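Note that UniProt numbering has the sequence shown beginning at 1, numbered continuously upward. We treat Cβ as the ideally placed atom computed from N, Cα and C, and that holds for glycine. None of these values were measured; they are calculated from a predicted model. Structure record follows, encoded as structure tokens.
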Amino acid sequence: MSSSPSGELLASLSSALAVLLVLLACVELGDAAAAVGVYRLIQYDLAGAPLGSRAAALNHHAAALPLPAGADLSRSALVAPLLDLPLAFLREYLVEKKHLGGLLILLPKKLNDEDTVANNEGKGQVKGSLAELEKLLLHEEVPYPVYFAFQDDHFDNLLADIRKIASSGQPASAATGGYKLVVSTPEPRKVPSPTISNIQGWLPGLKGEGDTEQLPTIAIVANYDTFGAAPALSVGSDSNGSGAVALLEIARLFSRLYSNPKTRGKYNLLFGLTSGGPYNYNGTNKWLRSFDQRVRESIDYAICLNSVGSWENELWMHVSKPPENPYIKQIFEDLSDVSKEMGVSVGIKHKKINVSNPRVAWEHEQFSRFRVTALTLSELSSPPEFLESTGGLYDTRESADAESVIRTVRLVSESLARHIYGLKGRNIDVFTENSSLAINPHYIQSWLDLLSRTPRVAPFLQKNDPFIAALKKELSEHTADVHVQSDILDGMFTFYDAIKATLNVYQVASVTFDLLFLLVIGSYLIILFSFLVITTRGLDDLINIFRRPPSRKVKGA
């Protein structure tokens, strides 16, 4: 039976309508998806022990606090703002090996954001919570994926919807619907041969006519790399971005003095930006080993700058040699004289090094192991614990004050100048304001801003990284014989990649909705099929399709 033109037209329209319905359903589902950048908890091994997050892929329904009694989170990804996440809850899951599908921790955009932190007490609460959280996560094996993201209106709306769904008394699941968090990423791989790069520059001193003796050297040193729970967020503005910035400004100031033979001192000045600070100052050790023995022996003393971006009235001088040591006594007196004129104080802390213990708490201890007199200037009154105060999540731009760095630069530069030029006790300011030798606040501010935007965890900072090139270029502007020494990071650490990812958030319908949708589509297709058969072949043909065919009898042989 041939089909009529009107039947063909109806068939075409019906087919188009079916396709349109399917497309509309797909568009509706597509609009429900959102993508956001997230930062994974570090994954590393320490002496073979697995630590940090041991998983990266995520595909679970979202859940939020507070949780209903007896909630099973083994197939859920918990979304929690920082201040809403009880550490006792997290510690319980880690210690008791409870199953959790995943964890997404929402961080405030700024530690002093007015919407998040209303006063200094609130700011301290955020910083304290971050420090405690980081300490817990860094020293435990976390079997599930942990990600960090910055809280915004989208996440606030997501949390509100999740809690609304949870208020029904049924957790989000395939049966009830809700939101699904998906991170599609390959299995993390070991970082092969992580490198550390030390950058050094010299300001050679002026020898007297006929003087064949090697000039003494004063070294100014600061490590610039960081370590934290989220490598992609570890900018370390204070620890130790502030020390690196102070070093650059001191180099800039003395380059002006040393550029003129009339004001060039009779000391060589050595500037070193070192890497591997969080890992027992491994880069400093390699840097010192690379020196000729005569160069090491020429170093009168070294000043290491560590965390100098948030002090107001008191700075600490940490030493390995007793304070009665003539060199230590002289350096302390020089710093104290300048500090009194500035209206601040410098305290001294003596800590003997244990040569049999490979752990070093301060950078100057690596110098002490090579029998070089050294000290560390820091706002910290006591040595930090292992892998602490190394530029973690809480150490952002708001943690470092340019004025603190300026005070550090003034203290160190003036005391050095008085020692180099024999001005002790003469109360002469070399780097006076409104002069060509004045400290440049804009320079300090700019470099602090740059370091506060640049994560600097050494294993993920390649030797050809633009940031290392920028440091080398800047030091070349003010010093001579600038050299970058790249080496393999020693020690007991193994690091893994996949430190950033994209989180996809999907709003998913319940199974009930899916079944209803399939029922509607199936009914529509049956009606459409019947309509097409009737219009093209007739009602009898439609009836024959569903009529049971007559049985065929098999004839006997």
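Secondary structure of Q125, DSSP reduced to three states
As a working note, residue 125 is residue 125 in the sequence shown. DSSP places Q125 in helix when its eight states are reduced to three.
Expressed to the nearest angstrom, what Euclidean distance is found between the alpha-carbon atoms of P204 and Y421?
The sequence position of residue 204 within the sequence shown is 204, counting from 1. The sequence position of residue 421 within the sequence shown is 421, counting from 1. Roughly 15 Å between the two C-alpha positions.
Use the C-beta contact count for V308: other C-beta atoms within 10 angstroms, 16 or more gives buried, fewer gives exposed.
In the sequence shown, counting from the first residue as 1, residue 308 sits at position 308. Of the residues assessed, V308 falls on the buried side of the cut-off, its CB having 16 or more other CB atoms within 10 angstroms.
Tell me F148's beta-bridge partners as DSSP assigns them.
Reading the sequence shown from its first residue, position 148 is the one you call residue 148. The secondary-structure analysis by DSSP pairs F148 across a beta bridge with Y39, I105.
Measure the C-alpha to C-alpha separation of K321 and T373 and round it to an integer number of angstroms.
Within the sequence shown, numbered from 1, the residue matching residue 321 stands at position 321. Within the sequence shown, numbered from 1, the residue matching residue 373 stands at position 373. Cα to Cα, the separation comes out at about 8 Å.
By alpha-carbon positions, which one of E213, H442, K127, E433 ends up nearest to S298?
Against the sequence shown, residue 298 aligns to sequence position 298. Considering only alpha carbons, the answer is E213.
The alpha helix (DSSP H) that contains H419, what's its start and end?
Numbered from its first residue, the sequence shown carries residue 419 at position 419. Unbroken alpha helix (DSSP H) run through H419: 402 to 420.
Alpha-carbon spacing of L10 relative to I521, whole angstroms:
On the sequence shown, position 10 is the one that residue 10 refers to. On the sequence shown, position 521 is the one that residue 521 refers to. Note that L10 scores a pLDDT of 48, beneath 50, so its modelled location is shaky; the value from the coordinates is reported in the next line. Between L10 and I521, the C-alpha separation is close to 19 Å.
Taking contact to mean at least 3 C-beta pairs separated by less than 8 Å, is the stretch 38 to 49 in contact with the stretch 492 to 499?
The answer is yes - the stretch 492 to 499 touches the stretch 38 to 49, with three or more Cβ pairs under 8 Å.
L475 to A498, Cα distance in whole Å?
Working through the sequence shown from its first residue, we reach residue 475 at position 475. Working through the sequence shown from its first residue, we reach residue 498 at position 498. Cα-Cα distance, rounded: 32 Å.
Inter-residue Cα distance where the pair is N306 and H419
For the purposes of this step, residue 306 is taken as the residue at position 306 of the sequence shown. For the purposes of this step, residue 419 is taken as the residue at position 419 of the sequence shown. Approximately 22 Å, taken between the alpha carbons.
Can you list the alpha helix (DSSP H) stretches of 4 or more residues lying completely in the stretch 278 to 344, in chain order?
Here the runs fully enclosed are 282 to 290, 293 to 298, 326 to 342.
Take I543 and list the residues in its own chain whose beta-carbon comes closer than 8 Å to its own, dropping the five residues that flank it on each side.
Residue mapping note: residue 543 aligns to position 543 of the sequence shown, counting from 1. Excluding positions up to five away in sequence, the list is empty.
Would N198 pass as a contact of W287 if the rule is Cβ separation under 7 Å?
Numbered from its first residue, the sequence shown carries residue 198 at position 198. Numbered from its first residue, the sequence shown carries residue 287 at position 287. Yes, the pair counts as a contact, with Cβ atoms nearer than the cut-off.
Considering S197, what are the terminal residues of the beta strand (DSSP E) in which it resides?
Position 197 of the sequence shown, counting from 1, holds the residue named residue 197. 195 to 203 is the extent of the beta strand (DSSP E) around S197.
Within this structure, are the beta carbons of L393 and G243 separated by less than 7 Å?
The sequence position of residue 393 within the sequence shown is 393, counting from 1. The sequence position of residue 243 within the sequence shown is 243, counting from 1. No, the Cβ-Cβ distance between L393 and G243 is not below 7 Å.
Endpoints, beta strand (DSSP E) assigned at A166:
Walking along the sequence shown from the start, residue 166 turns up at place 166. That residue, A166, is in no beta strand (DSSP E); its alpha helix (DSSP H) goes 153 to 166.
How big is the Cα-Cα spacing for L473 and F460?
Residue 473 sits at position 473 when you count from the first residue of the sequence shown. Residue 460 sits at position 460 when you count from the first residue of the sequence shown. In the sequence as displayed, the identity of residue 473 is Lys instead of Leu. Near 21 Å, if we compare the C-alpha coordinates of F460 and K473.
Where does K349 fall in DSSP's three states?
Taking the sequence shown and counting its residues from 1, the one referred to as residue 349 is at position 349. Strand, per DSSP.
To which residues of the same chain is P143 closer than 6 Å at the C-beta, ignoring the five residues directly before and after it?
Reading the sequence shown from its first residue, position 143 is the one you call residue 143. So the qualifying residues of the chain are R54.
When DSSP labels each residue in this structure, what does V372 get in the three-state scheme?
By one-based count along the sequence shown, residue 372 stands at place 372. Three-state result, V372: coil.
Count the C-beta pairs between the stretch 386 to 401 and the stretch 350 to 358 that are closer than 8 Å, then say yes if the count reaches three, no if not.
no
In terms of residue numbering, what span does the alpha helix (DSSP H) encompassing Y443 cover?
Numbered from its first residue, the sequence shown carries residue 443 at position 443. That run of the alpha helix (DSSP H) goes 441 to 451.
Under 7 Å between the Cβ atoms of A400 and I444?
Looking up residue 400 in the sequence shown gives position 400. Looking up residue 444 in the sequence shown gives position 444. Not closer than 7 Å, so no.
Look at the alpha carbon of L380 and the alpha carbon of H364, and state the distance between them as a whole number of angstroms.
Translated into positions along the sequence shown, residue 380 becomes position 380. Translated into positions along the sequence shown, residue 364 becomes position 364. Cα to Cα, the separation comes out at about 14 Å.
Helix, strand or coil for H483? Go by DSSP, reduced to three states.
Residue mapping note: residue 483 aligns to position 483 of the sequence shown, counting from 1. The answer is strand: DSSP assigns H483 an E or B state.
Out of curiosity, what's the CA-to-CA distance linking V405 and K135?
Counted from its first residue, the sequence shown places residue 405 at position 405. Counted from its first residue, the sequence shown places residue 135 at position 135. Spanning the two alpha carbons is a distance of roughly 27 Å.
Determine, using beta-carbon pairs with one atom in the stretch 149 to 156 and one in the stretch 91 to 107, whether at least three such pairs fall under 8 Å.
yes
Give me the Cβ distance between D225 and V457, rounded to the nearest whole Å; I'm assuming they're in contact under 8 Å.
Start at 1 with the first residue of the sequence shown, and residue 225 comes out as number 225. Start at 1 with the first residue of the sequence shown, and residue 457 comes out as number 457. Indeed they touch by this definition, with Cβ atoms about 7 Å apart.
How about K63 and R163: are their beta carbons less than 7 Å apart?
The count along the sequence shown starts at 1 and reaches residue 63 at position 63. The count along the sequence shown starts at 1 and reaches residue 163 at position 163. Reading the sequence as shown, one finds Ala at residue 63 and not Lys. Against a cut-off of 7 Å, the Cβ pair of R163 and A63 comes out as no contact.
Residue interval of the beta strand (DSSP E) (run including H60)
Locating residue 60 in the sequence shown gives position 60, counting from the first residue. Looking at the DSSP string, the run of the beta strand (DSSP E) that includes H60 is 58 to 64.
Extent of the continuous alpha helix (DSSP H) to which F89 belongs:
Residue mapping note: residue 89 aligns to position 89 of the sequence shown, counting from 1. It spans 87 to 95 - the alpha helix (DSSP H) in which F89 sits, taken as one unbroken run.
Hey, how far is the Cα of T116 from the Cα of N357?
As a working note, residue 116 is residue 116 in the sequence shown. As a working note, residue 357 is residue 357 in the sequence shown. At T116, the pLDDT of 43 sits below 50, so the modelled position is not reliable; the number obtained from the coordinates is stated separately. T116 and N357: Cα-Cα distance of roughly 43 Å.
Just checking, does the stretch 180 to 200 make contact with the stretch 273 to 291 on the three C-beta pairs under 8 Å criterion?
yes
Secondary structure of D115, DSSP reduced to three states
On the sequence shown, position 115 is the one that residue 115 refers to. The pLDDT assigned to D115 is 43, lower than 50, so where the model puts this residue is not dependable, and the model offers no usable value.
CB Y147 to CB I218, shorter than 7 Å?
The sequence position of residue 147 within the sequence shown is 147, counting from 1. The sequence position of residue 218 within the sequence shown is 218, counting from 1. Result no, Cβ atoms of Y147 and I218 do not sit closer than 7 Å.
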